[in-house]
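Let me begin by presenting the structure, written as structure tokens, before commenting on it.
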Amino acid sequence: MAPEDHEEGPKKRARKRTRKSRSKAKGIDDDGQEGETSIQQEERQAEAPSTSTSTQHPAQSADVASHSAPTAASILTSNPHKPSVLPRPSIYGPRKYTLSVAIPSSIVYNAQTMELKTRLVGSLARVCAVFNVDEIVVWDDGTPPPANAGGGAGGPGGGGAGGQYGNQHQDGQQRGRKRNFDEDGAGPSNGNNAPFDASPFMAMILQYLETPQYMRRQLFPMHPHLRLAGLLPPLDCPHHLRFEDESPFRDGLVVEAPHYAASAQSRGAWVNVGHRDPLQCDVLGSQVPPIGSRVTVDMANSVQGRGTLVSPRTPVQTQGLYWGYSVRLASSLSKVFTDSPFPSSSSEATPAEYDLVIGTAERGDALTDVLYATNLGSAVPSSKDGSSTIQPLPESFEHALVLFGGLSGLEVAIEADEGIPLGMEDARELFDVWVDSCEGQGSRTVRTEEALVITLARLKTALEQRGRR
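Using my numbering, the letters of the sequence shown map in sequence onto residues 120 to 588.
What follows is the structure, encoded as structure tokens:
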């Protein structure tokens, strides 16, 4: 009996498969209805005339697998809805003027956790990149950090290992792998009671986001300030190029000459511009930048395997490309007006002075009146105080600076600065234009990050017209 049982089992399973295959061959569906088999469908489609009208959209009937991915030169053709996908010269032409903004570092104290602090600085970087800001000055307005603003690596609020929002849960259980850092980004942390300094925190994140992705690992070692920078949205500036992107200029990092380069051919500098191999570049002058320096390369002769080191301002001044911003730290408000990174028109060794300084405050003149006077080209009466008049913006300028106040405003910072001999009542004398960019505000206060967006958006057209004269 046992052998017969073994023989009947496989036969029953075979019969089941046979019935299933016969039903499929006849075109019977699972619900018992007769239909077409896959073979019959293929034969019917092959017999159909090629000129028959299809009810499907042409994009659905296209053979996607037969098309290759678009190259950098054809991206604009394949994606006409996104013309900004590649770096393009400005429609206004070359730009000679510069735009700088001064932001107090104390605004990050309004954010309670390290995640919110990082997100706040990332939003500032995005706004500055959108409005083509050339320089960001992070200045210290003297506001002390709150009591709960601990150290960047482990203070209570710094997001470190010992903080409430660090690597531990509220019950003290370890979350993830604990990592300690020092001020340079390596080694043990400097303790849970170390004070949190907002100025270097802001500057490091701003510089990190402005740097092209292929250079960040070399220029920025591991640091607690950058622990959450990966969560921030990228700036996607014209100099943030992918491997296959084509651009007349590229930023790069000076590296050692490759092993295949002969000593006679290793003149100049070898630069990693984001390609597979470093590019040999000519240096205008006798001084070769040291290894590890960030440089800008003119890619006009890159087809021949060579480039030329140029100034970072060259893409802006020759083609109008926005080429990122520089970051500068100022220990006080008076230091904001000095040490400009832009050379003077008379001498490159002398720093340029800001010939258009705009201060923002709630007690300033209405920005609507300033823009109206600028369009008319003459003074207009003030909408806030009918007895005074509002002057238009200067006819032209080279370097504009827009200052924003902190938690207590610009007036308090001016009076507290020993380098500025002015009081709160005379604060407007420090600026060429003293404006209220959000007149008639519905909220009791306007945050600095909100005032930054409003001011730059409203001044964009006027600065473009006056700066290019």
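Even glycine gets a Cβ: it sits at the ideal position worked out from N, Cα and C.
Buried versus exposed, by CB contacts within 10 Å (16 or more), H359: To locate residue 359, count along the sequence shown from 1; it is residue 240. So H359 counts as buried.
Quick check on this structure: which residue in V256, Y327, A485, C356 has the alpha carbon closest to the alpha carbon of P343? Numbered from its first residue, the sequence shown carries residue 343 at position 224. Checked all of V256, Y327, A485, C356; the closest Cα to P343 is Y327.
Neighbour-count burial assignment, V390, 16 or more Cβ in a 10 Å radius: Sequence index remark: in the sequence shown, residue 390 carries index 271 (1-based). Burial call: buried.
According to DSSP, is Q399 helix, strand or coil? One-based indexing of the sequence shown puts residue 399 at position 280. The answer is strand: DSSP assigns Q399 an E or B state.
Counting only runs that start and end within the segment 472-527, where is the alpha helix (DSSP H) found for 4 or more residues in a row? 486-495
Go through its chain and collect everything with a Cβ distance to A576's Cβ below 8 Å, but skip five positions before and after it. Position 457 of the sequence shown, counted from the first residue, corresponds to residue 576. Correct list, in chain order: F250.
Contacts around R265, its chain only, beta-carbon distance under 7 Å, and the 5 residues preceding and following it disregarded: Numbered from 1 along the sequence shown, position 146 holds the residue referred to as residue 265. According to the sequence displayed, residue 265 carries Pro and not Arg. Correct list, in chain order: Y228.
Look up R336 in the DSSP assignment and say whether it is helix, strand or coil. Numbered from 1 along the sequence shown, position 217 holds the residue referred to as residue 336. Helix at R336.
Suppose contacts are defined by Cβ-Cβ distances below 8 Å. Is I509 in contact with L452 by that definition? Position 390 of the sequence shown, counting from 1, holds the residue named residue 509. Position 333 of the sequence shown, counting from 1, holds the residue named residue 452. Their beta carbons are not under 8 Å apart, which means I509 does not touch L452 by this criterion.
Suppose you measure from the CA of P331 to the CA of S506; what does that come to, to the nearest Å? By one-based count along the sequence shown, residue 331 stands at place 212. By one-based count along the sequence shown, residue 506 stands at place 387. Roughly 52 Å between the two C-alpha positions.
To the nearest angstrom, report how far apart D474 and P367 are at their CA atoms. Locating residue 474 in the sequence shown gives position 355, counting from the first residue. Locating residue 367 in the sequence shown gives position 248, counting from the first residue. Going by the C-alpha atoms only, they are around 31 Å apart.
Those residues which DSSP pairs with L428 across a bridge: Residue mapping note: residue 428 aligns to position 309 of the sequence shown, counting from 1. DSSP output for L428 lists V416 as bridge partner(s).
In the DSSP assignment, find the alpha helix (DSSP H) that holds L320 and state where it starts and stops. Mapped onto the sequence shown, residue 320 falls at position 201. Reading off the sequence, residue 320 comes out as Phe, not Leu. Where F320 is concerned, the enclosing alpha helix (DSSP H) stretches over 317-329.
Report the rounded CA-to-CA distance for L495 versus G483, giving the unit in angstroms. Walking along the sequence shown from the start, residue 495 turns up at place 376. Walking along the sequence shown from the start, residue 483 turns up at place 364. Rounded to the nearest angstrom, the two C-alpha atoms are 20 Å apart.
Which partner residues of W258 appear in the DSSP bridge assignment? Walking along the sequence shown from the start, residue 258 turns up at place 139. Paired residue(s): P223, A449.
When you compare the CB positions of A376 and P408, do they come within less than 8 Å of one another, or not? Locating residue 376 in the sequence shown gives position 257, where the first residue counts as 1. Locating residue 408 in the sequence shown gives position 289, where the first residue counts as 1. No.
Am I right that T574 and T479 are in contact with their C-beta atoms under 8 Å? What's the rounded C-beta distance? The residue given as residue 574 occupies position 455 in the sequence shown. The residue given as residue 479 occupies position 360 in the sequence shown. With a Cβ gap of about 6 Å, T574 and T479 count as contacting.
Quick check: V392 and G371, are their CB atoms within less than 8 Å of each other? Taking the first residue of the sequence shown as 1, we reach residue 392 at position 273. Taking the first residue of the sequence shown as 1, we reach residue 371 at position 252. Yes.
Between which two residues does the alpha helix (DSSP H) holding R238 run? Counting from one through the sequence shown, the residue named residue 238 turns up at place 119. R238 -> alpha helix (DSSP H) spans 233-249.
Taking the continuous beta strand (DSSP E) assigned at R369, which residues delimit it? To locate residue 369, count along the sequence shown from 1; it is residue 250. 368-374 is the extent of the beta strand (DSSP E) around R369.
Alpha carbon to alpha carbon, what distance is there between L486 and P340? By one-based count along the sequence shown, residue 340 stands at place 221. By one-based count along the sequence shown, residue 486 stands at place 367. If I take the Cα positions, the gap works out to 43 Å.
Write down the C-beta distance between G524 and A532 rounded to the nearest angstrom, noting that I regard them as a contact closer than 8 Å. Residue mapping note: residue 524 aligns to position 405 of the sequence shown, counting from 1. Residue mapping note: residue 532 aligns to position 413 of the sequence shown, counting from 1. Confirmed, Cβ separation roughly 6 Å.
Consult DSSP for T217 and reduce its assignment to one of helix, strand or coil. Along the sequence shown, read from residue 1 onward, the residue named residue 217 stands at position 98. In this structure, T217 counts as strand in the three-state DSSP scheme.
What are the start and end residues of the alpha helix (DSSP H) that includes A546? For the purposes of this step, residue 546 is taken as the residue at position 427 of the sequence shown. Note, A546: premise wrong, no alpha helix (DSSP H); not H, not E.
Can you give me the C-alpha to C-alpha distance between N420 and Y333, rounded to a whole angstrom? Sequence index remark: in the sequence shown, residue 420 carries index 301 (1-based). Sequence index remark: in the sequence shown, residue 333 carries index 214 (1-based). Looking at the two C-alpha atoms, the distance is approximately 22 Å.
Straight-line CA distance for R425 to L520? Within the sequence shown, the letter at position 306 stands for residue 425. Within the sequence shown, the letter at position 401 stands for residue 520. Each residue's Cα considered, the two are about 38 Å apart.
For W389: DSSP bridge partner residues: As a first step, residue 389 is located in the sequence shown; it is residue number 270 there, counting from the start. Answer by DSSP bridge pairing, in chain order: V374, Q399.
8 Å Cβ shell around Y211 - same chain, five flanking residues per side excluded: In the sequence shown, counting from the first residue as 1, residue 211 sits at position 92. For Y211, where only same-chain residues beyond five positions count, the Cβ hits under 8 Å are G439, E583, R587.
Can you name the start and end residues of the alpha helix (DSSP H) that V435 belongs to? As a working note, residue 435 is residue 316 in the sequence shown. Here the alpha helix (DSSP H) through V435 covers 433-438.
Inspect the beta-carbon positions of A322 and V446 and report whether they are closer than 8 Å. Taking the first residue of the sequence shown as position 1, residue 322 is located at position 203. Taking the first residue of the sequence shown as position 1, residue 446 is located at position 327. In contact: A322 and V446 (Cβ atoms closer than 8 Å).
List the whole-angstrom C-beta distance separating F550 from V476, where the pair is believed to meet the contact cut-off of C-beta under 8 Å. In the sequence shown, counting from the first residue as 1, residue 550 sits at position 431. In the sequence shown, counting from the first residue as 1, residue 476 sits at position 357. Yes, F550 and V476 are in contact; Cβ-Cβ is about 5 Å, under 8 Å.
Considering only the alpha carbon of each residue, which of V422, M418, P397, D417 lies closest to I410? Numbered from 1 along the sequence shown, position 291 holds the residue referred to as residue 410. Answer by Cα proximity: P397.
Alpha helix (DSSP H) containing V572: first to last residue? Taking the first residue of the sequence shown as position 1, residue 572 is located at position 453. Segment 567-586, the alpha helix (DSSP H) holding V572.
Within this structure, are the beta carbons of I222 and V257 separated by less than 8 Å? In the sequence shown, the residue the question calls residue 222 occupies position 103. In the sequence shown, the residue the question calls residue 257 occupies position 138. Yes.
Give me the Cα-Cα distance between S502 and W553, rounded to the nearest whole angstrom. As a working mapping, residue 502 is identified with position 383 in the sequence shown. As a working mapping, residue 553 is identified with position 434 in the sequence shown. In a straight line, the C-alpha of S502 is about 14 Å away from that of W553.
Pick helix, strand or coil for P343, following the three-state DSSP scheme. Residue 343 sits at position 224 when you count from the first residue of the sequence shown. In the structure shown, P343 sits in a helix (DSSP, three-state: H, G or I).
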